[in-house]
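Trainee: Here's a structure for you.
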Amino acid sequence: MSTDAEMEVFGPAAIYLRKPEKERIEAQTTPFDAKTAFFVAEPKEMYLKGKLISREGGKVTIETLEGGQKMTVKEDEIFPRNPPKYDKIEDMAMMTHLNEPCVLYNLKERYAAWMIYTYSGLFCVTVNPYKWLPVYDSVVVGAYRGKKRIEAPPHIFSISDNAYQFMLTGKYLYLLEKSRVTFQLSAERSYHIFYQLMTGHKPELLEALLITTNPYDYPMISQGEITVKSIDDVEEFIATDTAIDILGFTADEKMGIYKLTGACLHHGGMKFKQKQREEQAEPDGTEDKISYLMGLNSADLLKCLCYPRVKVGNEFVTKGQTVPQFNSLEQLCINFTNEKLQQFFNHHMFVLEQEEYKKEGIDWEFIDFGMDLAACIELIEKPMGIFSILEEECMFPKASDTTFKNKLYDQHLGKNNAFQKPKPAKGKAEAHFSLVHYAGTVDYNINGWLDKNKDPLNDSVVQLYQKSSVKLLAFLYASHAGSDDAKGGGGKKAGKKKGGSFQTVSALFRENLGKLMTNLRSTHPHFVRCLIPNESKTPGLMENFLVIHQLRCNGVLEGIRICRKGFPSRILYGDFKQRYKVLNASVIPEGQFIDNKKASEKLLGSIDVDHTQYKFGHTKVFFKAGLLGTLEEMRDEKLATLVTMTQALCRGYLMRREFVKMMERRESIYSIQYNIRSFMNVKHWPWMKVYFKIKPLLKSAEAEKEMANMKEEFTKCKEDLAKALAKKKELEEKMVSLLQEKNDLQLAVASEAEGLSDAEERCEGLIKAKIQLEAKLKETNERLEDEEEINGELTAKKRKLEDECSELKKDIDDLELTLAKVEKEKHATENKVYT
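Anchor point for the sequence shown: position 369 equals 369 in the UniProt record's numbering, and the numbering is continuous, going up by one each time.
Quick look at the structure:
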């Protein structure tokens, strides 16, 4: 879609999805000088738009567009801007210049227009508007249904619809942040469902879940914000409850979901105290509500939490838990997960690029972008890595945080660049080592890591959950690994515990992460990155430093960097020919068909650019980053030259027409001046005075003459009118007579028509009879011809027979003569005998 008419399918939401056609056309015609248009680094705003004033000795002077401030900075502190036609572009990977400020300002300008969704290559970047926008109604849902990503403006509906189509054939996964349940920053709040339940919109749920309407009664969800101005929790709760019904959950299943959600709220309120003179924790209230909601026995739950059974060798023993042991090893696990996901994204993106180049027949040198993260990942997960050493230390009773730290230093410090000794700083928390992650360097404090790592979700709790009367809870833990071991089965399974004793938190984490990565590699991933524009939740406000930090950490800028390594800009041959033919139209013959690919090859070959910066595919031409910008500049210069030439020709043509008029005006002025001067010369001449006096009399005589002529003409016209009236009367009388004759003739014609009809019928009968007779005559003639032919043949046969008869008659005559002769000789002989 590209026109306002096509955008009508989105209804009122259209203005929040794509800039209007009018604005797009205006942007294409806005003056732009690529040689002076830059962004400049600035301490307060991070980047500002500016105009290049001068460049000298590695320094440049920029004048900012807002405020007109002049700044002198280093060459590497300015960044080229894109032409205005790229403003608010829907896919940032298509921009000519893919630097940080270009990405930032594109998001910033789209956000200012409330277009919160933007594509960046594989990513869909979403900026939180902190207010409700009308882009989620049924009209918008219908507009995106069944459409490919390129066929509609950026939207989460497009991502989800495409994901749904793929889900029908691999799998559908969501990666959710579990830590948000137990902890929130001051400007965050936990998952919305907790606050929706406490609105009191459904009082029966308050009673069923044993909860109040005050979020501050539940410490686990009230560490940050509990309300959001732009969200109506009652309205959202109605939508959530309705969605559960639409998806086909039964009433029991829905209540199970709500009960477990309520149990999470109560879990955060559980308190434990240390038994005197014992290394053992005991509950301090609230456990009954949790047991009720989870369908468990209260005593069994407390026993499993405070006195879990663990396997030591081949025996099971009861292990006491202390109060500090309900903490977990989380930060490193979260960062490691992000590292693995970023590696997956880099590899996936490269694979897509590789497939595109292969499909188009582009020569491409293999680059595995996933290797950029290999050093840190191997440091954490490989043998003798951080997790390996941590798990090893957990097996030794005398191991401590200090021995763990010493082993890390002995194994990695100075040997792996990703492992560093932290730099102390004033006001900075104590750190024991630093890891160089993909998104930046992070300091870690290892206090209590050994104890935390020894405390996974124990099998006693798992077994208890599997026996819950709440079917949903039992279902969630039905296939939990290691349950057979807790029963003494000891069978070999995927979750078999390390060393025959227990499975550490880090080992379980790595096992689950491995399964997750295996699942991800079998799916078609869709990447969505959510950005917080400001920390005060102010609608429409974007803080540049905060957004750039997120873009650097969440992989958006990294995705662009990977694009720039290859050929990020690509255009279909037909489009390239049409847009850039103006650079050298003479290489493409007019009136002669030429293949679009061949035309593009000729065109690029004739232009003065770096010919190593582009490649020709089967259907597209591929460009390195920046070359398309150069072509755009050349095109703008060429168009400026052509426009200037056209303007000159038009102005010349108009000026020549104007010059002709000016010459005519000059001649007219000369004529008027000549007449005035002549008049002034004869004005006081006596004869001229006489002429002035006689002239009116001449006009009077002429008027009398004209009057006489008019009288004469009037008389003539009157006579002509009388004659015409007489003629008219005569013609009218004649017309009456003619009409009578016409009527008589019509009657006669009607009478004759009846006779004619009979005659026509008789004629038709005669014609038919004639046709039949002609057919019979033809048939008779044919028979006669046949008979004549037969007669001819018979005559010939008759003659032949007559000839044969003549010959036979002659033979008979000869025989008769012979017989007579024989008879005569016989009689002679007989006479002789008698004699």
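Where a beta carbon is used, it is the ideal one built from N, C-alpha and C, also for glycine.
Since this is a predicted model, take the numbers as computed values, not measurements.
Thinking Asn417 and Ala478 are a contact (beta carbons under 8 Å), I'd like their distance in whole angstroms, please.
Mentor: That belief does not hold up - the Cβ atoms of Asn417 and Ala478 are roughly 45 Å apart, past 8 Å.
Trainee: Using DSSP with H/G/I as helix, E/B as strand and the rest coil, what is Val505?
Mentor: In this structure, Val505 counts as helix in the three-state DSSP scheme.
Trainee: Quick one: what's got a C-beta closer than 6 Å to Lys821's C-beta in the same chain, skipping five residues either side?
Mentor: Contacts found: none.
Trainee: Do you know offhand how far Lys496's Cα is from Arg149's?
Mentor: Note on Lys496: pLDDT 42, under 50, position unreliable in the model; the coordinate value appears next. Taking the straight line from one Cα to the other gives about 44 Å.
Trainee: What do you get for Arg656, buried or exposed, if any count of 16 or more other CB atoms within 10 angstroms of its CB means buried?
Mentor: That one is exposed.
Trainee: If you drop the 5 nearest sequence neighbours on each side, which residues of the same chain put their C-beta closer than 7 Å to that of Tyr117?
Mentor: Result list for Tyr117: Cys124, Thr126, Pro154, His155 and Ile156, in chain order.
Trainee: Could you check where the alpha helix (DSSP H) with Gly142 kicks off and where it finishes?
Mentor: Looking at the DSSP string, the run of the alpha helix (DSSP H) that includes Gly142 is Ser138 to Tyr144.
Trainee: Could you tell me the alpha carbon to alpha carbon distance between Val749 and Glu713, rounded to whole angstroms?
Mentor: Answer to the nearest angstrom: the Cα atoms are 51 Å apart.
Trainee: Nearest chain D C-beta to Glu360 closer than 8 Å, yes or no?
Mentor: No chain D appears in this structure, which consists of one protein chain only.
Trainee: Specify the secondary structure class of Lys85 as computed by DSSP and reduced to three states.
Mentor: If DSSP states are grouped into helix, strand and coil, Lys85 belongs with the helices.
Trainee: Rounded to a whole number of angstroms, what is the C-alpha to C-alpha distance between Glu23 and Phe433?
Mentor: Cα to Cα, Glu23 sits roughly 53 Å from Phe433.
Trainee: DSSP beta-bridge partners for Pro12?
Mentor: Looking at the DSSP assignment, Pro12 forms no beta bridge with any residue, so it has no partner.
Trainee: Mark residue 838 as exposed unless 16 or more other C-beta atoms lie within 10 angstroms of its C-beta, in which case mark it buried.
Mentor: A question about residue 838 goes unanswered here, because the residues of the chain that appear run from 1 up to 835.
Trainee: Please state the DSSP three-state secondary structure of Val461.
Mentor: Three-state result, Val461: helix.
Trainee: To the nearest angstrom, how far is it from the Cα of Thr212 to the Cα of Leu205?
Mentor: One C-alpha to the other measures close to 10 Å.
Trainee: May I ask you to list the residues that DSSP assigns as paired with Lys59?
Mentor: Answer by DSSP bridge pairing, in chain order: Glu56 and Lys74.
Trainee: For Pro568, count the other beta carbons within 10 Å of its own beta carbon; 16 or more makes it buried, fewer makes it exposed. Which is it?
Mentor: Label assigned to Pro568: buried.
Trainee: Let's test the definition: count the other Cβ atoms within 10 Å of the Cβ of Glu315 and tell me whether it reaches 16, buried, or not, exposed.
Mentor: Residue placement at Glu315 is flagged as unreliable, the pLDDT there being 45, under the threshold of 50; the coordinate-derived value follows with that caveat. Its Cβ having fewer than 16 others within 10 Å, Glu315 is exposed.
Trainee: Under three-state DSSP, which class holds Gln343?
Mentor: Residue state, collapsed to three classes: helix.
Trainee: Going along the chain, which residues of its own chain have a beta-carbon closer than 7 Å to the beta-carbon of Leu572, five neighbours each way excluded?
Mentor: Contacts found: Thr619 and Lys620.
Trainee: If you draw a straight line from the alpha carbon of Leu122 to that of Arg529, how long is it in whole angstroms?
Mentor: If I take the Cα positions, the gap works out to 10 Å.
Trainee: Check whether the Cβ atoms of Pro101 and Phe39 lie closer than 8 Å to each other.
Mentor: Result yes, Cβ atoms of Pro101 and Phe39 sit closer than 8 Å.
Trainee: Between Cys563, Lys537 and Leu819, which lies nearest to Phe623 when the distance is taken from Cα to Cα?
Mentor: Closest option to Phe623, Cα to Cα, is Cys563.
Trainee: How long is the line joining the alpha carbons of Glu42 and Ala34, rounded to whole angstroms?
Mentor: Rounded to whole angstroms, Glu42 to Ala34 spans 21 Å at the Cα level.
Trainee: With a threshold of 16 other CB atoms inside 10 Å of the CB of Leu17, please say whether the residue is buried or exposed.
Mentor: Label assigned to Leu17: buried.
Trainee: Which residues in the same chain as Glu633 place their Cβ atom closer than 8 Å to its Cβ, once the five residues preceding and following it in sequence are excluded?
Mentor: Ala34 and Lys35.
Trainee: For Asp161, which residues of its own chain have a beta-carbon under 8 Å away from its beta-carbon, when the five flanking residues on both sides are left out?
Mentor: The answer, listed in chain order, is Tyr144, Arg145, Gly146 and Lys147.
Trainee: Is the CB-CB distance between Asn453 and Leu390 below 8 Å?
Mentor: Contact flag set, yes.
Trainee: Answer with buried or exposed for Ala112, where buried requires no fewer than 16 other C-beta atoms within 10 angstroms of its C-beta.
Mentor: Counting Cβ neighbours within 10 Å, Ala112 comes out exposed, since fewer than 16 surround it.
Trainee: Reducing DSSP to helix, strand and coil, say where Gly414 ends up.
Mentor: Coil.
Trainee: Taking the beta carbon of His437 as the centre, do at least 16 other beta carbons fall within 10 Å, making it buried, or is it exposed?
Mentor: Label assigned to His437: buried.
Trainee: Which runs of the alpha helix (DSSP H), 4 residues or longer, sit entirely within the region 351-407?
Mentor: Taking only runs of at least 4 residues, the alpha helix (DSSP H) segments lying wholly in the region 351-407 are 374-381 and 386-394.
Trainee: Could you spell out the range, first to last residue, of the alpha helix (DSSP H) harbouring Arg24?
Mentor: Segment Glu21 to Thr29, the alpha helix (DSSP H) holding Arg24.
Trainee: Roughly how many whole angstroms lie between the Cα atoms of Ser469 and Met294?
Mentor: If you take the alpha carbons of Ser469 and Met294, they lie about 8 Å apart.
Trainee: With Leu265 and Phe194 assumed to form a contact (beta carbons below 8 Å), what rounded beta-carbon distance in angstroms separates them?
Mentor: Their Cβ separation, rounded to whole angstroms, is 6 Å, which keeps Leu265 and Phe194 in contact under 8 Å.
Trainee: With distances taken from CA atoms, which of Glu355, Gly50 and Glu75 is nearest Glu66?
Mentor: Checking every option, the nearest Cα to that of Glu66 belongs to Gly50.
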